[in-house]
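Take a look at the structure below.
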Amino acid sequence: MQARHLDRRRYFMEEAATTEKYFIPYLSRFIATSGVRVLEVGCGEGGNLLPFARRACRVTGVDMSELRIRQAQTYFREEGAAAELVCCDILDYDCRGRSFDLIIMHDVVEHVPDKAALLSKLSCMLAPHGAVFVAFPPWQMPFGGHQQIARSRLLSRMPFVHLLPRAVYGHVLRLFGEDDFTVGELMSIRQTRCTVEAFGRIAVRAGYVVADMRLWMINPHYETKFGLRPLVLPSPLRMLPYVRNFLSSSCFYVLRRS
1 MQARHLDRRR YFMEEAATTE KYFIPYLSRF IATSGVRVLE VGCGEGGNLL PFARRACRVT
61 GVDMSELRIR QAQTYFREEG AAAELVCCDI LDYDCRGRSF DLIIMHDVVE HVPDKAALLS
121 KLSCMLAPHG AVFVAFPPWQ MPFGGHQQIA RSRLLSRMPF VHLLPRAVYG HVLRLFGEDD
181 FTVGELMSIR QTRCTVEAFG RIAVRAGYVV ADMRLWMINP HYETKFGLRP LVLPSPLRML
241 PYVRNFLSSS CFYVLRRS
């Protein structure tokens, strides 16, 4: 497991830095990013929301982890920023009388079993001219199985291991000494995996139009994490279905209601 996954304050600030430098300029092409209502689904410690809060946005973060919400409350208080932070499943979130101009899901949708139900719920919360920003690692990318969360130092740095057949993958995780929780988490991600093509189809069936889709060979977040300069997947490769999943470390979708 990488140090940033243990040092949550550091992870919070890394997310905030990436959002400030890359996500906000990208999203500004589609929607105002100051003084608007922003919801993040699966907000974790809330790092992605901090730059929006500093732009006078009314930010709301929802996460199923009570620990992450408590950490988010602490970090926002330390930063002198305001946020509404709620511990619940987004499908159970009471959104009556509320709408958001921007809804963010960063590295979340690949964990969700029923993506159609999730997108349907978000549609009910989206303002008429609002946008949904979804970012996720395509399943076939080198670390699309999130094996970087493994306790084993070697396993956490082993690309493509998650593409092994299910039974073999489970055996490998045990062989490297992973505990029941980690094995369960990694096998769950395998079950709910997401590809560029599959997500696009689900979004359209859920009543959205794709305002933009961008594939990154080098994820913008890798600059903060690893010092690597972000790189968009070149156009010829971006047009190759299936193959592009192996070459993209992150996929961005911007959705609007049709």
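In full-length UniProt numbering, the protein residues as written are 1 to 258. No residue lacks a Cβ here, since even glycine has one placed at the ideal position from N, Cα and C.
Mind checking which residues open and close the alpha helix (DSSP H) that includes residue i?
i	result
isoleucine 218	Looking at the DSSP string, isoleucine 218 is not in any alpha helix (DSSP H); the run it does join, the beta strand (DSSP E), is 208-218.
valine 168	166-175
leucine 91	Leucine 91 -> no alpha helix (DSSP H), and no H or E assigned at all.
valine 183	180-191
alanine 81	Alanine 81 -> no alpha helix (DSSP H), and no H or E assigned at all.
leucine 50	50-53
Following the continuous beta strand (DSSP E) through residue i, name the residue where it begins and the one where it ends.
i	result
serine 65	Segment: none, serine 65 is in no beta strand (DSSP E) and carries neither H nor E.
valine 38	37-41
For residue i, does the count of other Cβ atoms within 10 angstroms reach 16, so buried, or fall short, so exposed?
i	result
phenylalanine 226	exposed
arginine 193	buried
histidine 129	exposed
alanine 83	buried
valine 41	buried
leucine 231	exposed
cysteine 43	buried
leucine 122	buried
glycine 97	exposed
phenylalanine 199	buried
arginine 70	exposed
leucine 50	buried
arginine 68	buried
glycine 61	buried
tyrosine 242	exposed
Specify the secondary structure class of residue i as computed by DSSP and reduced to three states.
i	result
aspartate 101	strand
histidine 5	With a pLDDT of 49 at histidine 5, under the threshold of 50, the modelled position of this residue cannot be trusted; read the value that follows with caution. Looking at histidine 5 - three-state DSSP - the assignment turns out to be helix.
residue 259	The structure shown does not extend to residue 259, since the chain spans only 1 to 258, so no value can be given for it.
arginine 96	coil
arginine 201	helix
arginine 29	coil
threonine 19	helix
threonine 60	strand
Beta-carbon within less than 8 Å of residue i's beta-carbon, same chain only, minus the 5 sequence neighbours each way: which residues are those?
i	result
alanine 211	Phe30, Ala131, Val254, Leu255 and Arg256
proline 159	Pro142 and Phe143
methionine 187	Arg166, Tyr169, Gly170 and Leu173
proline 234	Met217
arginine 54	Ala81
valine 183	Gly170, Leu173 and Arg174
leucine 27	Thr33, Leu102, Ala131, Phe133 and Val254
aspartate 179	Arg151
glutamine 147	Leu155, Ser156, Met158, Val161, His162 and Leu186
Which same chain residues end up closer than 7 Å to residue i when comparing Cβ atoms and leaving out the 5 residues on each side of it in sequence?
i	result
methionine 141	Asn245, Phe246, Ser248 and Ser249
phenylalanine 100	Arg37, Val38, Leu39, Met125, Leu126, Ala127 and Gly130
glutamate 45	Arg8, Tyr11, Phe12, Arg68, Gln71, Ala72 and Tyr75
Tell me which residues share the same chain as residue i and place their Cβ nearer than 6 Å to its Cβ, disregarding the 5 neighbours each side in the sequence.
i	result
valine 38	Phe52, Cys57, Val59 and Leu102
glutamate 15	Gly47 and Asn48
leucine 118	Val112
methionine 64	Asp89
asparagine 219	Ser249 and Ser250
threonine 195	Pro138, Trp139 and Asn245
Every unbroken beta strand (DSSP E) within the stretch 98-156, with a cutoff of 3 residues, ordered by chain: 100-106 and 126-136
Length-filtered (4 minimum) alpha helix (DSSP H) runs lying within the stretch 217-253: 221-226, 235-238 and 243-247
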